[in-house]
Amino acid sequence: MSSCLVVIDAQDWILDLAGGPLSRAELISAIARRVAQFRAGNVPIIWVRFLRQDGSDGGPDGAAQIADGCGLIDGDVVTDKFGVDAFAGTELDSVLQAMRIDELELVGFSTAHAIIETAVTGADLGYRISVLADACSAPTAQMHVDALQQLKRVCGIIVEA
851 MSSCLVVIDA
861 QDWILDLAGG
871 PLSRAELISA
881 IARRVAQFRA
891 GNVPIIWVRF
901 LRQDGSDGGP
911 DGAAQIADGC
921 GLIDGDVVTD
931 KFGVDAFAGT
941 ELDSVLQAMR
951 IDELELVGFS
961 TAHAIIETAV
971 TGADLGYRIS
981 VLADACSAPT
991 AQMHVDALQQ
1001 LKRVCGIIVE
1011 A
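Laid out in structure tokens, this is it:
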């Protein structure tokens, strides 16, 4: 079994929306800790970036860039999406298959949107999914808690602290 850390929507303008349980700064630190942990174990890291098709987010070099401090380095795989789900209309599944990955560990923003959508689709595609809750946040703490409960109870997704 080969695993991969998938960092979702850790971008400047998106992380400004983080309200609970972690603030923007706390979430960046939590993501950076997980990235360092996985990098030390030679586990691949894939960054998923949300872009607006009309470019109103400034594009990959503007407000849509991965936030400083998260741990992105040259050579990391970055895949772009134009919707909530990291799999929908993207190359993510193909990239994972080419890397022979069958287990995904998800971190990022928002637990109640992109994380839950990506987790459910990934599970439907046959990946073993873990959501690392200590490195995820949402617009509110309640949205985060509700999403984690739904992932555990309804979807059978593994949620780790």
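For the working numbering, count along the sequence shown from 1 and bump the result up by 850.
Glycine included, C-beta positions come from ideal geometry on N, C-alpha and C.
Glu-967, buried or exposed, once every other Cβ within 10 Å from all chains shown has been counted against 16 | Looking up residue 967 in the sequence shown gives position 117. Looking at its Cβ environment, which holds 16 or more other Cβ atoms inside 10 Å, Glu-967 is buried.
Report yes if the C-beta distance between Asp-926 and Ile-878 is below 9 Å; otherwise report no.
-> Start at 1 with the first residue of the sequence shown, and residue 926 comes out as number 76. Start at 1 with the first residue of the sequence shown, and residue 878 comes out as number 28. Not in contact: Asp-926 and Ile-878 (Cβ atoms no closer than 9 Å).
Residue burial classification, Val-957 (beta-carbon count within 10 angstroms, cutoff 16) | Numbered from its first residue, the sequence shown carries residue 957 at position 107. Val-957 should be labelled buried.
Please go through the same chain and pick out, in chain order, the residues whose beta-carbon is closer than 7 Å to the beta-carbon of Ala-880, but skip the five residues on each side of it.
-> For the purposes of this step, residue 880 is identified with residue 30 of the sequence shown, where counting begins at 1. Leu-872, Asp-984 and Ala-985.
Coil, strand or helix - Thr-940 by DSSP = Indexing the sequence shown from 1 puts residue 940 at position 90. Residue state, collapsed to three classes: coil.
Could you have a look at Gln-861 and say whether DSSP puts it in helix, strand or coil?
-> As a working note, residue 861 is residue 11 in the sequence shown. Gln-861: strand per DSSP, three-state reduction.
Buried versus exposed, by CB contacts within 10 Å (16 or more), Phe-900 | Locating residue 900 in the sequence shown gives position 50, counting from the first residue. The residue is buried, with at least 16 neighbouring Cβ atoms inside 10 Å.
Should Pro-989 and Ala-962 be called a contact, given that it needs their Cβ atoms to be closer than 9 Å?
-> For this step, residue 989 is matched to residue 139 along the sequence shown. For this step, residue 962 is matched to residue 112 along the sequence shown. Cβ distance < 9 Å, so Pro-989 and Ala-962 count as in contact.
Starting from the N-terminal side, write out each stretch of the alpha helix (DSSP H) that is 4 residues or longer and does not extend beyond the stretch 863–906.
-> 874–890
Tell me whether the beta-carbon of Phe-932 lies closer than 9 Å to the beta-carbon of Ile-858.
-> As a first step, residue 932 must be located in the sequence shown, where it is residue number 82. As a first step, residue 858 must be located in the sequence shown, where it is residue number 8. Cβ atoms of Phe-932 and Ile-858: not closer than 9 Å.
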